[in-house]
Amino acid sequence: MQLRPYQQQAIADLRMAYRSGAHAPLLVAPTGAGKTIILAAITQAAAGRGRRILILVHRRELIRQTSAKLAHAGVNHGIIAAGFEQSDHPVQVASVQTLARRLQQQHWQPDLIVIDEAHHAIAGTWANVISYWPDSLLLGVTATPIRQDGRGLGAMFDRLVLGPSTADLMAAGHLTRVKLFAPPQVADLTGIRTRAGDYANDQAAAAMTRPTVTGDAITHYQRIAESQPAIAFCCNVNHATSVCDAFNAAGISAATLLGNTTDRDALVARFAAGELQVLVTVDVVSEGFDCPGAAVAILLRPTQSQGLYLQQVGRVLRPAPGKAAAIILDHVGNVHRHGFPDDHREWSLDDAQRRTGKGGPPAPAVRTCEVCFAAFKPAPVCPCCGAACAPPPLTIRQQDGELKELARQAVQRAHRRDQGQARTLQQLIHLGQQRGMKNPVAWAKHVHFARQQRASS
């Protein structure tokens, strides 16, 4: 098996972690880094030394991918999942849900338990399976070592091993570059409650399931992406069905890929072959979906989860013939919440509150071109269309302990100008976030209400 240098380095770093006393290291590497190949190489080496290895996954697609990589590496293995006969191979790929129901039938002791998508590992079913063999070494792998509920992964893993960054992989050509567009939001997300660390799906779906919202998404897809293969991420099943129907009505071939879809493999094959232009989904392809031809991510689900955001946009970052760049159409402001896919991120095994403090991380610096709606890091010229961009708001600088009155007046003028240009409630919220306000939503609502009062008087 031919490994890339960073994959070899990741394996060497994991070996060093075990040698230095780690019992359960966690490897972090972006979507598209080839984590399954790394796992196959580790399994091949361990099985060659007579070790017994259990690989835990939670989706059928991941069972198929892992099994294929092991077979390519020449590793004989069994599969513990519905529809497969159990074998006595020393290497087993197991559906965590199936294995949880069959724990009492397991009369073997794995030397190593490998946990794919390891950010799930501290959840009930996973924890029950892993604790069944307390003496086994653990190895976790994930692209996003964070959970929606804020719980750190330090309860399960004792060492963080960092692989390459997304920016590293893009620079090396192992991931494609990104063009990100953030058209003006036409859905009002204010007042949506938070449940389990994210927007309430039913309320978010109600805000997004409107003809004006979906029509705007279709228009921008046709104009910007020029009908390239796309994945649309929705809030819930009803929202996905509505979006899929709208795409088809517009003459764009689309189909839903949901948790209850029985012909997933056939549907993905049709998409890969170009028979479908758009796959509309909720959570199914956020993890374990490997289709390099997917070139466009249409974000129609607002999320407070950085992990979910990175998993979604990661689906379109794999390079493919004729794919010059991945296109992300962000209709819900997720880039303003979580930054760009290739931003540097500090990972930790600690709980989220201890990592970020009560105030949370600062809002990322994102500019949006008023001409083509490209989103980019602050620059005087749009990198996509070349349009000149208004200068960012001035900041007060202190020199020799004296505040310059002229600078303060300039800041005030810039603030008034920016506030006047923010016409909608959502634009005001974004402005408040960019200014680092503690409660940008409350401020935006106050300004918006005052404008309405003046207009009606």
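In the numbering used here, the protein residues as written are 673 to 1129.
Glycine included, C-beta positions come from ideal geometry on N, C-alpha and C.
Just so we're clear, the structure is a prediction, and the values are computed from it rather than from any experiment.
Its Cα nearest to that of residue 705, the residue 681 stands out among 681, 694, 692, 723. Given a length threshold of 3 residues, each whole run of the beta strand (DSSP E) inside the region 890 to 927 is given here in chain order: 902 to 905.
Look at residue 867 here: in three-state DSSP terms it is strand.
By the criterion of at least three beta-carbon pairs nearer than 8 Å, the region 715 to 731 is not in contact with the region 839 to 857.
With respect to residue 673, residue 725 sits apart: the two C-beta atoms are not nearer than 9 Å. Residue environment: residue 916 is assigned as buried (16 or more neighbouring CB atoms within 10 Å of its CB, all protein chains considered).
CA-to-CA, the gap between residue 1044 and residue 877 works out to about 27 Å. Distance from the CA of residue 749 to the CA of residue 759, rounded to the nearest whole angstrom, comes to 8 Å.
CA-to-CA, the gap between residue 938 and residue 691 works out to about 45 Å. For the pair residue 783 and residue 906, the Cα-to-Cα distance works out to about 41 Å.
A distance below 6 Å between beta-carbons, with the five flanking residues on each side excluded, links residue 994 to no residue of its chain. Scanning 723, 752, 711 for the CA closest to the CA of residue 742 turns up 711.
Cβ neighbours of residue 955 within its own chain (closer than 6 Å, five residues either side excluded): none. For the options 817, 772, 696, 952, the alpha carbon positioned closest to that of residue 886 is the one of 952. Here residue 911 is buried. Its C-beta has 16 or more other C-beta atoms within 10 Å. For residue 765, the enclosing beta strand (DSSP E) starts and ends at 763 to 767. The C-alpha of residue 890 is placed about 35 Å away from the C-alpha of residue 738.
DSSP places residue 734 in the helix class (H, G or I) of the three-state scheme. Contact between residue 968 and residue 900 holds, with the beta-carbon distance rounding to 5 Å and staying under 8 Å.
Here the C-alpha atom of residue 791 lies approximately 6 Å from the C-alpha atom of residue 818. In the structure shown, the three-state DSSP call for residue 801 is helix.
According to the DSSP secondary-structure assignment, residue 1060 is paired through a beta bridge with 1053.
The alpha-carbon of residue 983 is positioned some 12 Å away from that of residue 975. Taking a C-beta distance under 9 Å as the contact criterion, residue 786 and residue 700 do not qualify as a contact pair. Counting only residues of its own chain and dropping the five nearest sequence neighbours on each side, residue 1114 has no CB closer than 7 Å to any other CB.
Residue 940 carries a helical assignment under DSSP once its states are collapsed to helix, strand and coil. Rounded to whole angstroms, the separation of the alpha carbons of residue 840 and residue 991 is 14 Å.
By the neighbour-count criterion, in which a residue is buried when 16 or more other Cβ atoms sit within 10 angstroms of its Cβ, residue 697 is buried. Residue environment analysis places residue 812 among the buried positions, since at least 16 neighbouring C-beta atoms fall within 10 angstroms of its C-beta. Between residue 1059 and residue 1050, the CB-CB gap reaches or exceeds 9 Å. The three-state reading of DSSP puts residue 750 in strand, counting E and B together. For the options 1013, 940, 1053, the alpha carbon positioned closest to that of residue 981 is the one of 1013. For the pair residue 764 and residue 752, the Cα-to-Cα distance works out to about 7 Å.
Judged by DSSP secondary structure, residue 1095 falls outside any beta strand (DSSP E); it is assigned neither H nor E. In this structure residue 1098 is buried. Its beta-carbon is surrounded by 16 or more other beta-carbon atoms within 10 angstroms. By the Cβ-count criterion, residue 1054 is buried, with 16 or more other Cβ atoms from all chains shown falling within 10 Å of its own Cβ.
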